[in-house]
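Heads up, the thing below is written out as structure tokens.
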Amino acid sequence: MRSPAIIAAAVGAVALAGVGLLASRPDVVALAVPLALWGLVVARPKKTGPEVPQPAEPVRIRALPGEETGTLVDEIVVDAPGEMAELEVVHSARRTRRAIVPGHAIITARTAVLHSGPVESTRVTGRALDRDAAAIGDEWASVVQRRSVAPAERALPQIPLAPRLTGLHGAHDGSRPGQGGDFRDIHPFAPGDELRRVDWRATARAARRPGELLVRRTNSLSDASVVIAVDAVDDLGEVAATWGEDDLERSGTTSLDHAREAARSLATAAIADGDRVAYHVLVQGGRSVRGGTGSRHLARLVAAIADTGQAGDDSRYRRTPPVPHGSVIAVLSTFFDGAAAELALMWRASGHRVLAVDTLPELDRARLSGRQALALKIVLAERDEVFRDLAAAGVERVRWDADAALSLGIVARTPMGGVR
Amino acid sequence: MSRDELAIGPAIPGFALRILGVAVAAGAVIALQPAPFWQVAAFVLAGAGAVFPRTGLAWVALMVVPLALILDDASPSRTAIAIAAVHLGHVLASLTLAIPGRSRVALAALAPTARRWLGIQLVSQAVAAAVLLVPRAGGSGLAWAAPVGAIAVALLAYLLLRRTNS
């Protein structure tokens, strides 16, 4: 697109030259020279053709490793068909900056991390400006750099144990005889017992017949199955006045921040105990990670957790995620929506140990109008009702706050209905 | 304070170009036109043009410069100032049409503009000096220059029209 400046230069040059000639003033004619030259220079046709390479993409974004914690660093590579490029850079979908940079430039965008989870760290659009902005290019399609920010991890010394232990490996004492666990009993030798298990002292003392051997048996080591289910329908900040506004800059810590932190902390603690951990996002088409153990599985889980973002309102899960028998299931939700509570009740009725992890942050009620304060009071009362139903069914509640590790420890030491 | 940053190197705010445009127009008029009315008019027009670039008032403000030249005798220094001011004012007006006031402009992005301005200025100032410093012939010695000039203006108009429409 041509700028009106070219017309202004052409009209100005001709007018000044004409007036100078009519008035016999060479100085006024000379005044037309720079405008005429400028007009001829900037309006000259641009070289095109196969010999002139055209940039494939005017702008690209490369993610760089963060130089400091809490900052996402992206490199924006500009290769515009013009002397200058006008860029519109949106940091993390919240702050827009405009910049005029050279047509071929590499600039750096640093975006502060306010929340964990998936984030559009940088979105760039722009247009080329050429020849003193007398030629203006078309607007480019937006280029977006998406990143997943892993949540912080909290040390959980003790987490609740699954009601039913499985397998012959793990860190928990199993209920079956095997190897690696604590002393179980002294038992008459049977085919299949290892000779090194024979307790000669007990045999000498307690054998009733000649030739009878007694073996020392131990418990097997078993692993537990932990399922982490995150309800990603709501993402509510601690500032209640920002609910429904999608203003993640003023919202403070959100419920999904808490959910991701809780999920990662639980997964890390369970994997450290040798348990199998599965992960499900309770939305339609939500991501699921099948049960597994080990550090590589933990890395997969952390990646899935970091990639868990808010789902739309109409994306309630259609199918209940499959869970192994006798699991401990942590349902991470704000429990405003009844779906997570229904699921928790159903799993509890199936004999699983279910933890309702309340991820709603400590609320800041400032700047709420009278109506909003009343509405908040009503929905919180409904939520309390949900928690009462859950408690009556045997679902244990843990609030994810500063004392979450302590609360989980207390729950872990409390016997539950479905003891093994 | 925000920790979001966009590192583009040494830069100036976009509105600095507009302020510079007003300063160029006002400075040229103050230097060339002693009448307070024209000074105030040029300043107001340049200011309005800076606030609303799409109105084209920045160019209207620059029209006071040739007016100041016509109203006084020709002098090489005044012509040199006028040529520099009109050219710079025009380039700044062209830039402010496309560059938002709230943007940041990397100085490196303005380098081609500065080079182009310098090149055109060198040619223009040389032409102006040649035109003004050649001794004027008395009587009808240079009468042939008028039709030649008219043809040159017509040729210029044709060339500019062709380039603009191509």
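Going line by line, the protein sequences match chains A and B. Take the first sequence: its letter number 176 is residue 337 in our numbering, and every next letter is one higher. Take the second sequence: its letter number 34 is residue 998 in our numbering, and every next letter is one higher. Glycine included, every Cβ here is placed at the ideal spot set by N, Cα and C.
Selection from the options that minimises the alpha carbon distance to residue i
i, options, result
"E422 (chain A)", "A:L462, A:R448 and A:A184", "A:L462"
"A1114 (chain B)", "A:R205, A:L317 and A:A176", "A:A176"
"A246 (chain A)", "A:S253, A:W199, A:P195 and A:D299", "A:D299"
"D418 (chain A)", "A:P482, A:E399 and A:D545", "A:E399"
"A566 (chain A)", "A:A542, A:A428, A:R315 and A:A273", "A:R315"
"G435 (chain A)", "A:S386, A:G264, A:D545 and A:I297", "A:S386"
"A367 (chain A)", "A:E355, A:F350 and A:I297", "A:F350"
"L225 (chain A)", "A:A502, A:E236 and A:E218", "A:E236"
"I1012 (chain B)", "B:V993, B:D1036, B:A1032 and B:V986", "Here residue 1012 (chain B) is Ala; the residue named in the question, Ile, does not match the sequence. Residue B:V986 is the option with its Cα nearest to A1012 (chain B)."
"A1094 (chain B)", "B:P1111, B:S1041, B:Y1122 and B:R1127", "B:S1041"
"L183 (chain A)", "B:I1034, B:L1097, B:H1051 and B:L1082", "B:I1034"
"I168 (chain A)", "A:A517, A:I432, A:K538 and A:A197", "A:A197"
"G264 (chain A)", "A:G287, A:A472, A:S185 and A:L529", "A:G287"
"L1096 (chain B)", "A:G331, A:A365 and A:S185", "A:S185"
Neighbourhood of residue i by C-beta, 7 Å cutoff - its chain only, sequence neighbours within 5 removed
i, result
"A990 (chain B)", "A1006, F1007 and A1010"
"P279 (chain A)", "R307, S309, D468 and G470"
"A430 (chain A)", "L317 and I320"
"V274 (chain A)", "G231, T232, L233 and V310"
"L541 (chain A)", "none"
"V1050 (chain B)", "L1026 and V1029"
Closer than 8 Å to chain A by CB, residue i
i, result
"I972 (chain B)", "yes"
"A1046 (chain B)", "yes"
"S1058 (chain B)", "yes"
"L996 (chain B)", "no"
"I1034 (chain B)", "yes"
"A1038 (chain B)", "yes"
"V1087 (chain B)", "yes"
"L984 (chain B)", "no"
"G1013 (chain B)", "no"
"T1077 (chain B)", "yes"
8 Å CB neighbourhood of residue i in its chain, flanking five on each side removed
i, result
"V1069 (chain B)", "A975, I976, P977, G978, A980, L981 and I1063"
"D519 (chain A)", "S494, T495, F496, F548, R558, V559, R560 and W561"
"A363 (chain A)", "I347, L375 and R377"
"S1067 (chain B)", "P977 and G978"
Buried versus exposed call for residue i [16 or more other C-beta atoms within 10 Å across all chains shown]
i, result
"T415 (chain A)", "buried"
"P1030 (chain B)", "buried"
"P522 (chain A)", "buried"
"Q997 (chain B)", "buried"
"Q445 (chain A)", "exposed"
"W1023 (chain B)", "buried"
"T1019 (chain B)", "exposed"
"G578 (chain A)", "The pLDDT assigned to G578 (chain A) is 46, lower than 50, so where the model puts this residue is not dependable; a value taken from the coordinates is nonetheless given after this. So G578 (chain A) ends up on the exposed side."
"V1004 (chain B)", "exposed"
"R437 (chain A)", "buried"
"L356 (chain A)", "exposed"
"L1119 (chain B)", "exposed"
Chain C residues whose Cβ lies nearer than 7 Å to that of residue i
i, result
"M245 (chain A)", "Of the protein chains in the structure, A and B, none is chain C."
Proximity test, Cβ basis, 8 Å: residue i and chain B
i, result
"G179 (chain A)", "yes"
"V580 (chain A)", "In this prediction, V580 (chain A) scores a pLDDT of 40, lower than 50, which makes its location untrustworthy; the coordinate-derived value is nonetheless stated afterwards. No, no contact with chain B."
"S511 (chain A)", "no"
"V238 (chain A)", "no"
"I222 (chain A)", "no"
"L569 (chain A)", "no"
"V250 (chain A)", "yes"
"S309 (chain A)", "no"
"W508 (chain A)", "no"
"P226 (chain A)", "no"
"S616 (chain A)", "Residue 616 (chain A) lies beyond the stretch modelled for chain A, which goes from 162 to 581, so this question has no answer here."
"P263 (chain A)", "yes"
"G200 (chain A)", "yes"
"I268 (chain A)", "yes"
"D188 (chain A)", "yes"
"I297 (chain A)", "yes"
Cut-off 6 Å between Cβ atoms - residues of its own chain near residue i, not counting five sequence neighbours on either side
i, result
"V304 (chain A)", "V220, I222 and V285"
"T582 (chain A)", "One cannot answer for residue 582 (chain A) here, as it falls past the ends of chain A, which runs 162 to 581."
"S277 (chain A)", "V310, P312, D418 and R421"
"N380 (chain A)", "D334, G335, G342, D343 and R345"
"V238 (chain A)", "R221 and I267"
"T1032 (chain B)", "It is worth fixing the name first, because residue 1032 (chain B) is Ala in this sequence and not Thr. So the qualifying residues of the chain are L996 and Q997."
"V1112 (chain B)", "none"
Legend entry - Segment contact, 8 Å Cβ cut-off, at least three pairs: the stretch 389-397 of chain A with the stretch 438-448 of chain A: yes
Legend entry - Touching by the beta-carbon criterion (3+ pairs, under 8 Å), the stretch 399-412 of chain A and the stretch 524-535 of chain A: yes
Inset, instruction - Spell out a yes or no on whether the stretch 1074-1081 of chain B and the stretch 1046-1065 of chain B are touching, meaning 3 or more CB-CB pairs, one atom from each, closer than 8 Å. - result: With contact defined as three or more Cβ pairs closer than 8 Å, the stretch 1074-1081 of chain B and the stretch 1046-1065 of chain B are in contact.
Inset, instruction - Taking 8 Å as the threshold, find out whether the stretch 247-262 of chain A comes into contact with the stretch 1086-1098 of chain B through three or more Cβ pairs. - result: no
Inset, instruction - Assess, as a yes-or-no matter, whether the stretch 1045-1056 of chain B is touched by the stretch 173-192 of chain A under the definition of 3 or more beta carbon pairs within less than 8 Å. - result: yes
Inset, instruction - Evaluate contact between the stretch 528-535 of chain A and the stretch 504-520 of chain A, counting only Cβ atoms and requiring at least three cross-stretch pairs below 8 Å. - result: Fewer than three beta-carbon pairs drawn from the stretch 528-535 of chain A and the stretch 504-520 of chain A are found closer than 8 Å, and the two stretches are therefore not classed as touching.
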